[in-house]
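For the record, the sequence lines run as chains R and D.
Okay, so the first sequence: first residue is -9 according to this note's numbering, each after it adds one.
Okay, so the second sequence: first residue is 6 according to this note's numbering, each after it adds one.
Before any comments, here is the structure.
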Amino acid sequence: MTWFTIIIAGIITYFMRMTMVALVDRDLLGERVKAVLAYVPSAVFPAIIFPGIFINDYGTFIEMNDPKIFGAIVAILVGYFSRNVIATIISGLFSYWIIIFLL
Amino acid sequence: MLSKKQIFTKGILAVAPHMFSVIPFGIVCGAIGIELGFSPVLVYAMSIIIFGGASQIVFLQLLSGGASALIAVTSVGVINSRHLLYGAVLSEYLEKLSFIKKLLISYLVVDQGFAESNKFFQKNRNETHLHYHLLGSGGTLWVCWQISTLAGIILGSFVPEELGLKFAVPLTFIAIVVQDIKKLDHVIVMITCGLSSLLFFDAPFKSYIIISPIIALFIASLVLRLKK
Chain R
-9 MTWFTIIIAG
1 IITYFMRMTM
11 VALVDRDLLG
21 ERVKAVLAYV
31 PSAVFPAIIF
41 PGIFINDYGT
51 FIEMNDPKIF
61 GAIVAILVGY
71 FSRNVIATII
81 SGLFSYWIII
91 FLL
Chain D
6 MLSKKQIFTK
16 GILAVAPHMF
26 SVIPFGIVCG
36 AIGIELGFSP
46 VLVYAMSIII
56 FGGASQIVFL
66 QLLSGGASAL
76 IAVTSVGVIN
86 SRHLLYGAVL
96 SEYLEKLSFI
106 KKLLISYLVV
116 DQGFAESNKF
126 FQKNRNETHL
136 HYHLLGSGGT
146 LWVCWQISTL
156 AGIILGSFVP
166 EELGLKFAVP
176 LTFIAIVVQD
186 IKKLDHVIVM
196 ITCGLSSLLF
206 FDAPFKSYII
216 ISPIIALFIA
226 SLVLRLKK
């Protein structure tokens, strides 16, 4: 039963990936829609970023002095000035670890 | 004009830095599956069949918590519905591909690969073999996801939970969007999305993950109208 469920979930996920690429004719989208689509990265990724920082594993809001907030601020600053993905991730993780393990 | 191989290599190099978050997250994902009591084969098979980190974890958590199969499948569908938006963006650059190639390449589209390949596409519209970038980025993410979830399944409880490795996930996406904080219109869209995701976090089936982008894109359309 679990296997069957996984396969259905996989098929649905695949359709989400495939539909707009293979089945929908792009000409159906108007110029306005295409212009709005340029904002997709900015409109989608914060929905992964914000809960990943501000909501803990139990689904509740973190305290304002949570080390994740510090880690995220460091990552934003390092990322903005270095333009380097590795530096962004590592600086965020390390500043988070320094607070939880050393302070 | 770049060769297929050059573009493919650029795709690999573009996502390579994200391995610093993909690999820890894959390990966590595999380890959680085992911890929740599922068989190793089943946990691993999800990485091939579903191939979507967050949705795999939610799926197993729901099933182990006694949720029905219908709820688990619906949640996976809702979480991964954001790929409809990725597809709509990418279709512009992939429209010349044959139908079969479109079907095959779609399987490889995941968040980081979409983000990095889309950046490349915007700057190199006139290249002929654009889709090789997506093959490079998506293929790299696929291979690393398989290896790291497998590692998580084998290492299991050896991965200390205190490390908070899941925190690498928001960091990798910060790296993707951080250069856009220079642009006011993008900042407005990002903050709208972020605040909406917190506001709707408890909405059923994890639907905050698609509700907040829809709200943010609506705001984006208003911003575009104001700009004109």
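C-beta atoms are modelled at their ideal positions from N, C-alpha and C, and glycine is treated no differently.
Since the model is a prediction, treat every value here as computed from it, not as a measurement.
Residues bridged to residue i (per DSSP)
i	result
Phe206 (chain D)	Answer by DSSP bridge pairing: none, since Phe206 (chain D) is not bridged.
Phe51 (chain R)	R:Ile45
Spatial neighbours of residue i in its chain, beta-carbon cut-off 6 Å, leaving aside the 5 residues before and after
i	result
Phe125 (chain D)	His138
Ser201 (chain D)	Ser217, Ile220
Leu229 (chain D)	none
Cβ-based neighbour list, residue i, same chain, cut-off 7 Å, excluding 5 preceding and 5 following
i	result
Leu203 (chain D)	none
Val20 (chain D)	Gln117, Gly118, Glu121, Ser142, Thr145, Leu146
Ala77 (chain D)	Phe64, Leu67, Leu68
Ser85 (chain R)	Phe60, Gly61, Val64
Phe206 (chain D)	Tyr213
Gly42 (chain D)	Ser69
Ile76 (chain R)	none
Cβ distance (whole Å) where residue i is taken to contact residue j below 8 Å
i	j	result
Pro175 (chain D)	Ala25 (chain R)	That pair is no contact at about 28 Å.
Ser111 (chain D)	Ala12 (chain R)	6 Å
Ala173 (chain D)	Phe30 (chain D)	6 Å
Thr177 (chain D)	Ser26 (chain D)	4 Å
Ile179 (chain D)	Gly69 (chain R)	6 Å
Gly35 (chain D)	Ile158 (chain D)	4 Å
Ser96 (chain D)	Val34 (chain R)	Going by Cβ atoms, the distance from Ser96 (chain D) to Val34 (chain R) rounds to 16 Å, so no, they are not a contact pair.
Ala50 (chain D)	Ile(-4) (chain R)	7 Å
Tyr98 (chain D)	Leu135 (chain D)	5 Å
Ala(-1) (chain R)	Val114 (chain D)	Going by Cβ atoms, the distance from Ala(-1) (chain R) to Val114 (chain D) rounds to 17 Å, so no, they are not a contact pair.
Pro57 (chain R)	Ile79 (chain R)	Their Cβ separation, rounded to whole angstroms, is 16 Å, which puts Pro57 (chain R) and Ile79 (chain R) out of contact at 8 Å.
Asn121 (chain R)	Ile38 (chain R)	As displayed, chain R neither begins before -9 nor continues past 93, which places residue 121 (chain R) out of reach and without an answer.
Thr9 (chain R)	Leu89 (chain D)	6 Å
Leu27 (chain R)	Ala93 (chain D)	6 Å
Thr79 (chain D)	Phe210 (chain D)	5 Å
Pro31 (chain R)	Asn123 (chain D)	7 Å
Gln151 (chain D)	Ser52 (chain D)	6 Å
Val183 (chain D)	Ile43 (chain R)	About 14 Å; that fails the 8 Å criterion.
Val262 (chain D)	Leu170 (chain D)	This structure cannot settle anything about residue 262 (chain D), because the visible part of chain D is limited to 6 through 233.
Proximal residues of chain R, C-beta to C-beta of residue i below 7 Å
i	result
Thr177 (chain D)	Ile79
Tyr49 (chain D)	Under the 7 Å cutoff, chain R gives no residues; its nearest Cβ is about 11 Å from Tyr49 (chain D).
His88 (chain D)	Met6, Arg7
Leu99 (chain D)	Val11
Val164 (chain D)	Going along chain R, no residue has its Cβ under 7 Å from Val164 (chain D), so there is no contact; the nearest lies around 14 Å.
Phe64 (chain D)	Ala(-1)
Chain D residues whose Cβ lies nearer than 9 Å to that of residue i
i	result
Tyr98 (chain R)	Here chain R has residues from -9 to 93 only, and residue 98 (chain R) is not among them.
Listed by chain order, chain D residues near residue i by CB distance under 8 Å
i	result
Met8 (chain R)	Gly92, Lys107, Leu108, Ser111, Tyr112
Ile52 (chain R)	Correct list: empty, because the minimum Cβ distance to chain D is about 11 Å.
Tyr4 (chain R)	Ser111, Tyr112
Proximal residues of chain R, C-beta to C-beta of residue i below 9 Å
i	result
Ser226 (chain D)	Arg22, Val23, Ala25, Val26, Tyr29
Tyr213 (chain D)	Ala37, Pro41
Ser60 (chain D)	Ala(-1), Thr3
Lys123 (chain D)	Note that residue 123 (chain D) corresponds to Asn in the displayed sequence, not to Lys. In chain order: Val30, Pro31.
Asn129 (chain D)	Simply none; closest approach about 16 Å.
Leu3 (chain D)	Not covered by the structure: residue 3 (chain D). The range shown for chain D is 6 to 233.
Neighbourhood of residue i by C-beta distance below 8 Å, restricted to the same chain and skipping five residues each side
i	result
Asp185 (chain D)	His191, Val192, Met195
Gly199 (chain D)	Ser217
Leu47 (chain D)	Gly38
Lys107 (chain D)	Leu99
Pro22 (chain D)	Ala180
Ser72 (chain R)	Thr78
Where residue i meets chain D, residues with beta-carbon distance less than 7 Å
i	result
Ile(-2) (chain R)	Val78
Within chain R, the residues that residue i reaches when beta carbons sit closer than 8 Å
i	result
Val174 (chain D)	Ile38, Gly42
Leu229 (chain D)	Arg22, Ala25, Val26
Pro218 (chain D)	Val30, Ala33, Val34, Ala37
Ser96 (chain D)	Met10, Val11, Val14, Arg16
Ile55 (chain D)	Ile(-4), Ala(-1), Gly0, Thr3
Gly82 (chain D)	Ala(-1), Ile2, Thr3, Met6
Phe104 (chain D)	Ala12
Gly120 (chain D)	It should be noted that the sequence gives Ala, not Gly, for residue 120 (chain D). Neighbours of Ala120 (chain D) on chain R, chain order: Pro31, Phe35.
Gly157 (chain D)	Per Cβ cutoff of 8 Å: no residues; Gly157 (chain D) is ~17 Å from chain R at best.
Next item on the list: Closer than 9 Å, Cβ to Cβ, to anything on chain D: give me those residues from the stretch 77 to 89 of chain R, in chain order.
Entry: Ala77, Thr78, Ile79, Ile80, Ser81, Gly82, Leu83, Tyr86, Trp87
Next item on the list: Note down, in chain order, all residues in the stretch 188 to 205 of chain D with a beta-carbon under 7 Å from any beta-carbon belonging to chain R.
Entry: His191, Val194, Met195, Cys198, Gly199, Ser202, Leu203
Item checked: Against chain R: residues of the stretch 23 to 39 of chain D by CB proximity under 7 Å -> His23, Phe25, Ser26
Margin query: By the 8 Å beta-carbon criterion, what residues does the stretch 55 to 66 of chain R contribute toward chain D?
Written below: Lys58, Gly61, Ala62, Ala65, Ile66
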